[in-house]
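Report on the structure given below.
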Amino acid sequence: MAPRMMTRSLLLLPITAFTLTANADLVVLQYHHVSDSTPSSTSTSVSLFQGQLDMIEDLGLEVVPLESGTRAALAGELSDRSQVAITFDDAYESVLLTGSASPARAGV
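Residue 2 is where the sequence shown starts when you use the working numbering, and the numbers rise one by one after that.
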């Protein structure tokens, strides 16, 4: 291995090790559009969004409001549980029709 490549590999090692052992008490999922008809650069497809909700349910993660989840995480109150906050950054029609309706239907 060339010296330059070895240096890059060694520099990435701590990042990789950290990533493999990282743990989050609160995960925040942020969406802009949830739609199959808006630009993919700013949108999450309906099927991907539903798949993510299904995964949250399958993993038994607790869905919480952003503010209370953040407060609990910062206070160190989540040592034995993992939470997810689902946020939408705009009030687009796709958020109202798909983004907010899907979690309610799924019981999330």
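For every residue, glycine included, the Cβ atom is placed at its ideal position computed from N, Cα and C.
- For GLU78, the three-state secondary structure derived from DSSP is coil.
- Segment contact: the stretch 67 to 75 against the stretch 37 to 53, fewer than three CB-CB distances shorter than 8 Å; contact not assigned.
- Rounded to the nearest whole angstrom, the CA to CA distance from VAL29 to THR39 is 22 Å.
- The DSSP-derived three-state label of THR39 is coil.
- A direct Cα-Cα distance of roughly 26 Å separates LEU67 from ASP37.
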